[in-house]
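>
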Amino acid sequence: MEPIIELQGLSKTFGSGDNQVAALQNVSLAVNPGEIFGIIGLSGAGKSTLVRCVNLLERPDAGKVLFHGEDLTKLTGKELRQRRRKISMIFQSFNLLDQRTSLDNICFPLELEGVSKKDARKRAMELLETVGLPDKAGSYPVQLSGGQKQRIAIARALASDPEVLLCDEATSALDPKTTDSILKLLQKINRERGITVIIITHQMSVIEQICHRVAILDSGVVAEVGAVERVFSNPQSKAGRRLVSPDVALPVVDWDTPVARIAFNGTMTEEPVIASLVKEKGILVSILGADTRNVDGKAFGTMLISLPEEEEGKKAVLDFLNSHAGISAEEVHKDV
Numbered sequence: 003m004e005p006i007i008e009l010q011g012l013s014k015t016f017g018s019g020d021n022q023v024a025a026l027q028n029v030s031l032a033v034n035p036g037e038i039f040g041i042i043g044l045s046g047a048g049k050s051t052l053v054r055c056v057n058l059l060e061r062p063d064a065g066k067v068l069f070h071g072e073d074l075t076k077l078t079g080k081e082l083r084q085r086r087r088k089i090s091m092i093f094q095s096f097n098l099l100d101q102r103t104s105l106d107n108i109c110f111p112l113e114l115e116g117v118s119k120k121d122a123r124k125r126a127m128e129l130l131e132t133v134g135l136p137d138k139a140g141s142y143p144v145q146l147s148g149g150q151k152q153r154i155a156i157a158r159a160l161a162s163d164p165e166v167l168l169c170d171e172a173t174s175a176l177d178p179k180t181t182d183s184i185l186k187l188l189q190k191i192n193r194e195r196g197i198t199v200i201i202i203t204h205q206m207s208v209i210e211q212i213c214h215r216v217a218i219l220d221s222g223v224v225a226e227v228g229a230v231e232r233v234f235s236n237p238q239s240k241a242g243r244r245l246v247s248p249d250v251a252l253p254v255v256d257w258d259t260p261v262a263r264i265a266f267n268g269t270m271t272e273e274p275v276i277a278s279l280v281k282e283k284g285i286l287v288s289i290l291g292a293d294t295r296n297v298d299g300k301a302f303g304t305m306l307i308s309l310p311e312e313e314e315g316k317k318a319v320l321d322f323l324n325s326h327a328g329i330s331a332e333e334v335h336k337d338v
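Just so we're aligned: the sequence shown equals residues 3 to 338 in this note's numbering.
1. Is it the case that the Cβ atoms of residue 241 and residue 227 are separated by a distance below 8 Å?
2. So what does DSSP say about residue 137, is it helix, strand or coil?
3. With DSSP as the reference, identify every bridge partner of residue 16, one or two as the case may be.
4. If you draw a straight line from the C-alpha of residue 329 to the C-alpha of residue 170, how long is it?
5. From the DSSP output, which residues share a beta bridge with residue 69?
6. For the beta strand (DSSP E) that contains residue 198, what are its first and last residues?
7. By a C-beta neighbour count over all protein chains shown, 10 Å radius and 16 as the cutoff for buried, is residue 72 buried or exposed?
8. Sort 74, 6, 11 by Cα distance to residue 223 and report the nearest one.
9. Mind checking whether the beta-carbon of residue 11 lies closer than 7 Å to any heavy atom of the ligand GDP?
10. Return helix, strand or coil for residue 169, following the three-state DSSP convention.
11. Of the choices 280, 119, 148, 137, whose alpha-carbon is the least far from that of residue 96?
12. What are the start and end residues of the alpha helix (DSSP H) that includes residue 40?
13. Rounding to the nearest angstrom, what Cα-Cα distance links residue 244 and residue 194 in this structure?
14. Could you tell me the boundaries of the beta strand (DSSP E) in which residue 234 lies?
15. Between which two residues does the beta strand (DSSP E) holding residue 258 run?
16. Determine the closest residue to residue 292 out of 236, 35, 321, 319, with distance taken between C-alpha atoms.
17. Using DSSP's beta-bridge definition, name the partner residues of residue 265.
18. How big is the Cα-Cα spacing for residue 145 and residue 25?
19. Kindly indicate which three-state DSSP category residue 53 falls into: helix, strand or coil?
20. Does residue 92 come out as helix, strand or coil in the three-state DSSP assignment?
21. Using beta-carbon positions only, say whether residue 53 and residue 202 come within less than 8 Å of one another.
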């Protein structure tokens with residue numbers, strides 16, 4: 003499958019001299035058609051710069067941005083504007099026009115395309131139905147809640163019939179209940195319209211709830227990319243472990259005992275794995291840290307336990323744990 007969006011070697015710096023900051027460093031990613039792709043990282047990781055490079059609101063200093071295999075960085079202004087109609091964006095701050103009603107906000111991009119007023123209003127009313135706010139057509143942004151504003155912003159983004167929807171921290175200003183409703187709306191749009199969704203966020207819960215794959219960005223560098231289930235259950239990078247399991251990301255040097263990392267990747271939560279280890283093998287272990295979650299009765303996440311000093315004991319513990327479906331275990335060392 004050819005990626006719908008592919009970033010090749012993107013780099014972007016801001017400032018100069020001693021004040022120069024490398025926001026992106028040789029970033030390469032591929033997003034497949036129809037998937038919900040998450041990009042996560044701590045503040046300052048370069049997430050917003052990256053998503054703004056996708057539609058060239060921010061031009062990279064080096065690298066390519068491919069849309070259906072075409073390098074957007076090579077296009078003229080008119081050509082780029084045409085392609086951008088298929089790559090819509092929603093923002094944390096909604097960016098609605100205060101002097102326009104909800105209906106008129108949605109009509110705005112259609113007006114810019116030269117669509118007749120009658121057809122634009124018809125399309126806007128259909129989109130108000132899509133986002134569940136047909137009764138708010140005549141309301142101004144000041145009369146709307148945060149969640150309603152974001153729904154109007156989503157409807158406006160859909161007006162140009164995009165193939166890709168970029169979401170830059172689109173739920174970070176919303177309460178948990180409203181966030182959940184917006185994420186379900188994005189899932190519905192993805193499922194029913196086949197629109198590819200790229201979500202930029204610092205919230206693990208957002209990635210966990212709706213994304214198919216995730217890229218972890220760390221100081222402008224892609225630290226890790228993979229299926230959400232795999233990355234959440236067994237992150238391979240230091241940045242991934244800091245984000246996914248902060249309680250078990252402390253360096254091994256902090257303990258004076260051998261340490262094993264256990265990755266839970268869908269084992270049944272009621273299965274007493276550690277208790278069974280102690281009972282069946284007669285080997286006492288200590289839980290040094292854990293960050294696991296219950297998803298539909300299955301355990302996902304990471305745990306650190308102590309290991310025996312002798313090699314035979316270590317092997318017995320690791321063999322026992324790795325014999326269980328949905329669990330992988332390995333000894334970790336000071337360089338992880």
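The beta-carbon is built from N, C-alpha and C at its ideal position, and this holds for glycine as well.
The answer reads as follows:
1. For the purposes of this step, residue 241 is taken as the residue at position 239 of the sequence shown. For the purposes of this step, residue 227 is taken as the residue at position 225 of the sequence shown. The answer is no: Cβ separation not under 8 Å.
2. Indexing the sequence shown from 1 puts residue 137 at position 135. In the structure shown, residue 137 sits in a helix (DSSP, three-state: H, G or I).
3. As a working mapping, residue 16 is identified with position 14 in the sequence shown. According to DSSP, residue 16 bridges with 23.
4. Taking the sequence shown and counting its residues from 1, one reaches residue 329 at position 327. Taking the sequence shown and counting its residues from 1, one reaches residue 170 at position 168. Whole-angstrom Cα-Cα distance: 34 Å.
5. One-based indexing of the sequence shown puts residue 69 at position 67. Paired residues: 7, 72.
6. As a working note, residue 198 is residue 196 in the sequence shown. Taken as a continuous stretch (DSSP letters only), the beta strand (DSSP E) holding residue 198 covers 198-203.
7. Here residue 72 refers to the residue found at position 70 of the sequence shown. Exposed is the call here.
8. For the purposes of this step, residue 223 is identified with residue 221 of the sequence shown, where counting begins at 1. Selected option, being the one with the closest Cα: 11.
9. Judged by which ligands are present, the structure shown has none, so any question about the ligand GDP falls away.
10. Counting from one through the sequence shown, the residue named residue 169 turns up at place 167. For residue 169, the three-state secondary structure derived from DSSP is strand.
11. Within the sequence shown, residue 96 is the residue found at index 94, counting from 1. The option with the nearest alpha carbon to residue 96 is 148.
12. Here residue 40 corresponds to residue number 38 of the sequence shown, with the count starting at 1. Here residue 40 belongs to no alpha helix (DSSP H); instead the beta strand (DSSP E) covers 38-42.
13. On the sequence shown, residue 244 is found 242 positions in, with the first residue counted as 1. On the sequence shown, residue 194 is found 192 positions in, with the first residue counted as 1. For residue 244 and residue 194, the gap between their C-alpha atoms comes out near 35 Å.
14. Against the sequence shown, residue 234 aligns to sequence position 232. The continuous stretches of beta strand (DSSP E) do not include residue 234, which lies in the alpha helix (DSSP H) extending over residues 230-235.
15. Stepping through the sequence shown from its first residue, residue 258 is reached at position 256. For residue 258, no beta strand (DSSP E) run applies, since DSSP gives it neither H nor E.
16. Taking the first residue of the sequence shown as position 1, residue 292 is located at position 290. Ranked by how close their Cα comes to the Cα of residue 292, the residues 236, 35, 321, 319 have 236 in first place.
17. The residue labelled residue 265 in the question sits at position 263 within the sequence shown. Partner residues in the beta bridge of residue 265, as assigned by DSSP, are 304, 330.
18. Within the sequence shown, residue 145 is the residue found at index 143, counting from 1. Within the sequence shown, residue 25 is the residue found at index 23, counting from 1. Roughly 37 Å separates the two Cα atoms.
19. Position 51 of the sequence shown, counted from the start, is the residue given in the question as residue 53. Looking at residue 53 - three-state DSSP - the assignment turns out to be helix.
20. Numbered from its first residue, the sequence shown carries residue 92 at position 90. Here residue 92 sits in strand by DSSP.
21. Translated into the one-based positions of the sequence shown, residue 53 becomes position 51. Translated into the one-based positions of the sequence shown, residue 202 becomes position 200. A contact, by the Cβ cut-off of 8 Å.
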